[in-house]
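Visitor: The sequence shown lines up with residues 697 to 914 when you count with our numbering.
Here you go, one structure.
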Amino acid sequence: MANAGTIPMTSSQSTAGNGAQSQPPIATPAFRAFLSRFTSSIRQGLSQRRPWYELIDRTAMARPDNLTDAYSRIRKNLSYFKVNYVTLLVVVLAFSLLSHPFSLLVLLGLLAAWVFLYLFRPSDQPLVIFSRTFSDRETLGALVVFTVFVVFLTSVGSLLISALLIGVAIVCIHGAFRIPEDLFLDDQEPANSGLLSFLGGAASSAAAAAAPAVASRV
697 MANAGTIPMT SSQSTAGNGA QSQPPIATPA FRAFLSRFTS SIRQGLSQRR
747 PWYELIDRTA MARPDNLTDA YSRIRKNLSY FKVNYVTLLV VVLAFSLLSH
797 PFSLLVLLGL LAAWVFLYLF RPSDQPLVIF SRTFSDRETL GALVVFTVFV
847 VFLTSVGSLL ISALLIGVAI VCIHGAFRIP EDLFLDDQEP ANSGLLSFLG
897 GAASSAAAAA APAVASRV
């Protein structure tokens with residue numbers, strides 16, 4: 697007696713399981729779009745960099761007459777050397793982090809957690825840790841608490857603040873001693889566009905690049 701044919705019931709399940717396992721941990725198109733926009737913003741910002749020999753021109757250095765003169769010099773130099781000053785701040789911050797590898801690893805881990813667990817994780821892929829599924833709201837709350845703990849309750853926060861203060865001090869000292877009379881702003885560049893406006897534009901550009909990924913979770 698011939699055996700009755702059996703109907704395979706696991707092929708579709710195994711195919712679905714393989715498809716779920718092969719799903720990338722992050723939304724690749726959104727992440728690539730973010731990287732592309734972020735790098736283009738950096739290139740556009742660096743294209744506005746002033747020649748470094750103007751920054752370190754010793755013949756243009758002189759002690760300010762008073763605090764008013766120093767403040768006026770700082771404002772003019774911030775408008776002219778804003779990209780160079782941001783680069784100096786980044787160099788000081790990078791040097792501080794490289795001299796403290798543990799803090800650098802903690803910050804990289806925090807950044808990776810935001811990228812892989814929330815910002816660019818596929819919206820249709822729930823976060824499962826130890827057989828427990830976490831909603832987007834729970835994931836966001838945990839990341840916020842973890843960020844506050846890392847920045848304010850560990851040595852990482854003090855390291856970042858001290859590095860930024862050192863960088864700002866270097867910028868202010870240079871801006872106060874650099875004579876700005878030989879510097880001319882471009883006609884299309886407003887006179888009050890200083891360091892804060894440049895940082896605000898860079899931050900808004902990065903936020904706009906990440907906005908689609910965040911909006912998909914709201």
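Ideal Cβ positions, reconstructed from N, Cα and C, are used throughout, including at glycine.
Identify the continuous alpha helix (DSSP H) that holds Leu855 and give its terminal residues.
Guide: First-last of the alpha helix (DSSP H) with Leu855: Ser851 to Phe873.
Visitor: How is Ser738 classed by DSSP in three states: helix, strand or coil?
Guide: According to the sequence shown, residue 738 is Ile rather than Ser. Helix at Ile738.
Visitor: Closest by CA to Val867, which one among Gln740, Phe730 and Arg771?
Guide: Closest option to Val867, Cα to Cα, is Arg771.
Visitor: Output the boundary residues of the beta strand (DSSP E) element that contains Ile825.
Guide: Looking at the DSSP string, the run of the beta strand (DSSP E) that includes Ile825 is Leu823 to Ile825.
Visitor: Taking 7 Å as the threshold (C-beta atoms), are Gly853 and Leu785 in contact?
Guide: No, the pair does not count as a contact, with Cβ atoms beyond the cut-off.
Visitor: Which stretch, first to last residue, makes up the beta strand (DSSP E) that contains Phe830?
Guide: It spans Arg828 to Phe830 - the beta strand (DSSP E) in which Phe830 sits, taken as one unbroken run.
Visitor: Only counting the same chain, and skipping five residues up and downstream in sequence, which positions put a Cβ closer than 8 Å to that of Arg745?
Guide: Here the set comprises Val779, Asn780 and Thr783.
Visitor: Where does Asn888 fall in DSSP's three states?
Guide: Below a pLDDT of 50, predicted positions are generally treated as unreliable, and Asn888, at 47, falls in that range; no measurement from the model is reported.
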